[in-house]
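Here the sequence shown stands for residues 315 to 469, where the numbers follow the working numbering.
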Amino acid sequence: MANLPEIEIDKNRITEVFTNLICNAVKYSKEGSSIRITAKKRNKNIQFSVIDKGIGIKKDDLNKVFEKFYQAEDPMIRHQGGSGLGLSIVKKIIELHNGAIDIQSEFGHGTMISFTLPLKFNGKNVKNDNICVNNLNNDVNNKGTKNVKREAKDD
Numbered sequence: 315m316a317n318l319p320e321i322e323i324d325k326n327r328i329t330e331v332f333t334n335l336i337c338n339a340v341k342y343s344k345e346g347s348s349i350r351i352t353a354k355k356r357n358k359n360i361q362f363s364v365i366d367k368g369i370g371i372k373k374d375d376l377n378k379v380f381e382k383f384y385q386a387e388d389p390m391i392r393h394q395g396g397s398g399l400g401l402s403i404v405k406k407i408i409e410l411h412n413g414a415i416d417i418q419s420e421f422g423h424g425t426m427i428s429f430t431l432p433l434k435f436n437g438k439n440v441k442n443d444n445i446c447v448n449n450l451n452n453d454v455n456n457k458g459t460k461n462v463k464r465e466a467k468d469d
């Protein structure tokens, strides 16, 4: 694994981001499928991605997934449950860290959610902690039904 620099974050909030994104990837993926987590240095940012080969999101729903209480109307998705708050909370946490979030998905083929965080964080609304990206725990307690892979690259 490549060495990535330390970044300044609110460790609890970014853990909440990863927990939400990984749990969604697990929830909407078939048993035995892989979930990939990557981290790459991009100029003065670190870009993280959570990539699954799950059911994906319809094109019409992509621009709405970060809205509060939004849940897709597709019955295959609705039966999974949830409040529709997770991704809106994720987006808010990333924005409070002066970062950005993006989603790419193809219905029936999977989803990639990527977000960037600056190496230096000067926010007033979030507590600063230094954390080494290489030490982020990307394991998911999923009873062995999914394989979680972790990658890190320094561009």
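Where a beta carbon is used, it is the ideal one built from N, C-alpha and C, also for glycine.
- Span of the beta strand (DSSP E), counted from its first residue to its last, around I321: 320-323
- Task: Between the Cα of G321 and those of V404, N412, K405, spot the shortest distance and give me the residue it belongs to.
- Result: Note on residue identity: the sequence assigns Ile, not Gly, to residue 321. For the residues V404, N412, K405, the minimum Cα distance to I321 belongs to N412.
- Name the one or two DSSP bridge partners that K382 has. DSSP output for K382 lists no bridge partner at all.
- Item | T430 classed as buried or exposed, judged by whether at least 16 other C-beta atoms fall within 10 angstroms | buried
- Presumed contact (8 Å Cβ cut-off) between G370 and S428, rounded CB distance: Not confirmed; about 15 Å, so no contact.
- Message: Bridge partners for F429 per DSSP, in chain order?
- Response: F362, I415
- Which residues in the same chain as I417 place their Cβ atom closer than 7 Å to its Cβ, once the five residues preceding and following it in sequence are excluded? L376, V379, T425, I427
- Message: What does the alpha-carbon distance come out to for the pair P432 and D366?
- Response: 24 Å
- Item | Own chain partners of V331 with C-beta closer than 6 Å, once the 5 adjacent residues on each side are dropped | V404, I407
- Message: Please identify the residue among I415, N338, L318 whose C-alpha is closest to the C-alpha of R350.
- Response: N338
- Message: Let me confirm a value: G400 is counted as buried when at least 16 other C-beta atoms fall within 10 Å, else exposed. Which label applies?
- Response: buried
- Message: Please report the distance separating the alpha-carbon of V364 from that of K373.
- Response: 19 Å
- Return the first residue and the last residue of the beta strand (DSSP E) that S348 is part of. 348-356
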